[in-house]
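Asker: Note that this note's numbering numbers the sequence shown so that position 168 is 189, with each residue one more than the last. Okay, handing you the structure first.
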Amino acid sequence: MHIEHSSHKIYYGDRASPHDMPATSERPSPYHNPVIENGEHVGWELDLPAAKEAKITELREACQNDIFSGFDSDALGGVVHHYPAKQDNEHFDQTNLISQYTHAKSHPGETYYIMCADPNGVWARRAHTADQTIIVGDIGINRVADARHRLLGTDTVDGLIDDVNNATTETELDAIVW
């Protein structure tokens, strides 16, 4: 147990458990530590580094879920179709899409069959021209890049992880959402 003495305050680090405090005290989150003055529990203090680490984990998971949710394209003649992006999805076919996307760039006259769902949610391998395949591939690639840039930032724009690292208060941290 880590204990710091500062005037009459004792901070118990992240190992204190909520049942160490009076029954009327509720820990606001796992990242709050009890503040003790003169032997009395007087409140909670945020363990900002632990809260930041948890926020970064939350944002990474949200980014991954966003990417894995797939993407939509109207490349097939104006009707929007949904394309899968999660490998354990029964309709996952992105390896096929990537190889067909690469092939379509140098073989414009061929037909490519790519798994997608129509507006009614019916999944099938649908015929795409090379141009349609390239459109779908570009959308998928950009979708992943956009999500990663949102999370990690770029050379000129901070990402959400940068925002977390720059946060100095709980309010600032709570305002950072996917």
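Even glycine gets a Cβ: it sits at the ideal position worked out from N, Cα and C.
Excluding the 5 residues flanking residue 66 on each side, which residues of the same chain have their C-beta closer than 7 Å to its C-beta?
Answerer: Here the set comprises 32, 53, 54 and 56.
Asker: Look up residue 105 in the DSSP assignment and say whether it is helix, strand or coil.
Answerer: Three-state result, residue 105: coil.
Asker: Under the DSSP definition of a beta bridge, which residues are partnered with residue 53?
Answerer: In the DSSP output, where bridge partners are listed per residue, residue 53 has 67.
Asker: Please state the DSSP three-state secondary structure of residue 174.
Answerer: Note: residue 174 maps to strand in three-state DSSP.
Asker: Can you find at least 3 beta carbon pairs, one from the segment 129-143 and one from the segment 97-107, that sit closer than 8 Å?
Answerer: Touching, yes.
Asker: With H, G and I counted as helix, E and B as strand and the rest as coil, what does DSSP make of residue 48?
Answerer: The answer is coil: DSSP assigns residue 48 none of H, G, I, E or B.
Asker: What are the boundary residues of the beta strand (DSSP E) that residue 135 is part of?
Answerer: Taken as a continuous stretch (DSSP letters only), the beta strand (DSSP E) holding residue 135 covers 132-138.
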